[in-house]
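Residue numbers for the sequence shown follow the working numbering, so the first one is 42 and each next one is one higher. Input: a single structure, listed below in C-alpha cells.
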Amino acid sequence: MQRIVVLNPKGGSGKTTIASNLAACYAVHGERPALMDLDPQGSSMRWLRKRPNEEPAIHGIAAFEKSATVTRSWQMRIPPECRTVIIDTPAAVDAHALPDLTRAVDAVLVPVMPSDIDIHATAKCIADLLLVAKIRRSERRIGIIANRVRPNTRVSQSLTRFLHSLDIPLIATLRDTQNYVRSAEIGVGVCEMPRWQVQQDLPQWQAILSWLAVKRRVTVPSVDSAVRVASIERPSSEPNRTQVAPLAGLTSTADRELDVSA
Ligand SMILES: Nc1ncnc2c1ncn2[C@@H]1O[C@H](COP(=O)(O)OP(=O)(O)OP(=O)(O)O)[C@@H](O)[C@H]1O
Ligand SMILES: [Mg+2]
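Below is the structure:
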C-alpha cells in the first residue's frame with residue numbers, strides 16, 4: 042500500500058485541496074483510494090460527503106473523530122482493496138508530531154503558496170521534516186507543490202528562488218483557479234470536471250501522479266484518459282457537477298491497517 046501524507050502547518054496552503062483531488066485522481070483510475078482526515082475541521086470528509094454517488098468511490102476515514110461505538114482500530118481500518126491512502130493533516134501541526142506523521146509514509150507532499158508568510162512558514166516546515174522527522178533528502182520522499190501560483194508575479198518569483206534554494210523537488214505548480222473552489226463545493230476532483238474547463242490543470246496532476254508512481258514503481262495513471270471517461274458520462278455544458286488528534290502510531294507495519302491510536 043502506498044501512503045501519502047499532505048502536510049504544511051501553515052493554514053490554508055492547500056492540503057485538503059490536494060489530498061481530495063489526489064484521491065479523485067486515483068479513484069477515476071479504478072483504484073479505490075482511502076482518504077484519511079486527521080483535521081478536526083473535517084474538510085476532507087465534508088468534501089467526500091458531497092461526492093455524487095455516481096463518482097468512483099473513495100473510502101473516507103474520519104481519523105479526527107472519537108467514536109464511542111467502534112474501536113479505534115476499526116475506525117482506522119483500511120479496506121483491503123485500497124492500495125493508496127492519502128492523509129490530510131490539520132494546520133498548526135507541532136514539529137514534534139512530524140516523526141509520527143511521516144514515519145510510515147512513502148511520500149510527503151508539502152503545498153506552499155506564493156506569499157512571504159507562506160514561504161517563511163514552509164521553510165520552517167521543511168527544516169522540521171529534515172531535522173525533527175529526520176527525513177533525509179536522499180530518500181526523496183518530500184515533494185513540494187507550489188499552489189495558487191499566478192505566473193510572473195513578484196511573489197511567484199520569490200517562491201521560485203526559495204524552492205531552488207531548498208534542494209527538495211518541486212513536483213508541480215497548481216495555478217490559482219476557481220476550478221479548485223468548485224471542486225471543493227461539489228465533491229469531485231478537477232480530473233473529473235469537463236476537459237475544456239480543466240485542460241490547463243491536468244498536466245500538473247499528471248506530474249504529481251508521475252512523481253508518486255516512481256516511488257511505487259507502477260505505470261503512471263493517465264489523468265487524460267480519466268477525464269475522457271468523466272466527460273463522456275456527463276453533459277459537457279455544466280461543470281458536472283491545534284491539535285492533531287492521535288498522530289502516534291502511523292508506524293504500523295500492517296499493510297492493511299493504519300493504527301493511529303495514541
Ligand atoms: N490552486 C487553487 N486555486 C484557487 N483556490 C484554491 C487553490 N488551492 C486551494 N484553494 C482554496 O483555498 C482555500 C484553502 O485551501 P485548503 O482548504 O485546501 O487549504 P488547507 O491547507 O487544507 O487549509 P487548513 O490548513 O485550514 O486545513 C480553499 O477555499 C480552497 O478552495
Ligand atoms: Mg485542510
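Backbone N, C-alpha and C define an ideal beta-carbon position, used for all residues, glycine too.
Specify the secondary structure class of N94 as computed by DSSP and reduced to three states. N94 falls in the coil class under three-state DSSP.
Could you give the residue range of the beta strand (DSSP E) that holds I186? For I186, the uninterrupted beta strand (DSSP E) segment begins and ends at I183 to V190.
Alpha carbon of R189 to alpha carbon of R223, nearest angstrom: Approximately 14 Å between the Cα atoms of the pair.
Any heavy atom of ligand 1 closer than 7 Å to the CB of K56? Yes, Cβ of K56 sits closer than 7 Å to a heavy atom of ligand 1.
Going straight from the alpha carbon of S156 to that of L200, what length do you get? Taking the straight line joining both Cα atoms gives about 8 Å.
Just the Cα atoms here: how many angstroms apart are S197 and L243? Those two C-alpha atoms are separated by around 20 Å.
Does Q198 come out as helix, strand or coil in the three-state DSSP assignment? Helix.
Taking CB distances under 8 Å as the criterion, tell me whether K175 reaches chain C. The structure shown has no chain C; it contains just one protein chain.
Please report the distance separating the alpha-carbon of Q116 from that of E180. About 31 Å.
Exposure label - P121; buried when at least 16 CB within 10 Å: Exposed.
Rounded to a whole number of angstroms, what is the C-alpha to C-alpha distance between L250 and Y221? In this structure, the alpha-carbon of L250 lies about 18 Å from that of Y221.
Mind reading off the beta-carbon distance from L48 to V134? Whole number of angstroms is fine, and I expect it under 8 Å. The Cβ separation is near 6 Å, so the contact holds.
Shorter than 7 Å, the distance from the beta carbon of L215 to the closest heavy atom of ligand 1, or not? Under cutoff, so the answer is yes.
According to DSSP, is R236 helix, strand or coil? Here DSSP, grouped into helix, strand and coil, assigns R236 to helix.
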